[in-house]
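In the numbering used here, the protein residues as written are 249 to 378.
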Amino acid sequence: MLKKGREQLPESVFERERFEIPKIRGHLEGNKTIIINFQQIASLLRRPVEHILKFLLKELATPGNLMPHILILATKVPASRINEKVREYALEFVLCYDCGKPDTQILREGEFSFLKCMACGAKHPVKSKI
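Given below as structure tokens:
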């Protein structure tokens with residue numbers, strides 16, 4: 249019975265590759281911070297760009313504009329602080345609380361949002377989608 253159960257689990261449960269939270273790439277330009285790989289970060293985390301943008305702008309307490317390929321923050325923000333916020337986002341909205349894998353989706357059921365893991369099947373409530 250155990251053998252049959254293991255056969256029905258998805259392949260991603262048995263993979264041991266390590267997921268790395270992406271680091272931002274950018275530079276300061278006057279009083280602005282330019283992030284050139286924001287779209288890539290969103291695609292690696294498999295979350296909508298708008299969701300990550302809203303979280304970052306709220307957490308960094310700064311206005312910003314999303315251009316086609318870059319994110320422009322209206323203040324000088326150190327890369328270490330932005331990376332810390334991206335890490336917080338990943339821990340809260342991407343990585344499974346039980347198995348730690350990034351194979352998750354945010355599902356909305358009624359008034360509540362849940363983080364559903366596709367690898368282990370765990371389901372945990374998260375803050376509303378910001």
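Built from N, CA and C at the ideal position, the CB exists for glycine as well.
Local Cβ density within 10 Å of residue i, reported as buried at 16 or more and exposed below that
i, result
"I284", "exposed"
"G358", "exposed"
"L250", "exposed"
"L305", "buried"
"L319", "buried"
Local conformation of residue i per DSSP, three classes
i, result
"H372", "strand"
"E357", "strand"
"G253", "helix"
"K333", "helix"
"L339", "helix"
Limits of the unbroken beta strand (DSSP E) element including residue i
i, result
"I282", "K280 to I283"
"I320", "L319 to L321"
"G348", "Where G348 is concerned, there is no enclosing beta strand (DSSP E), given that its DSSP letter is neither H nor E."
Span of the alpha helix (DSSP H) around residue i
i, result
"H275", "It is not in any alpha helix (DSSP H) - H275 instead sits in the beta strand (DSSP E) that spans G274 to E277."
"K306", "V297 to L308"
"L292", "F286 to L293"
Minimum C-alpha distance to residue i - residue among the options
i, options, result
"R329", "R295, K271, P316 and K371", "K271"
"R294", "H372, G369, K349 and K371", "K349"
"R254", "K375, P373, H372 and C368", "C368"
"L292", "F267, H275, R273 and L319", "F267"
"K333", "F360, F303 and L355", "F303"
"P316", "A309, L308, F286 and L305", "F286"
Inter-stretch contact at 8 Å, needing at least 3 Cβ pairs: the stretch 274-281 / the stretch 313-324
yes
For the stretch 335-347 against the stretch 359-366, do three or more pairs of beta-carbon atoms, one drawn from each stretch, fall closer than 8 Å, so that the two count as touching?
yes
Segment contact, 8 Å Cβ cut-off, at least three pairs: the stretch 331-340 with the stretch 291-310
yes
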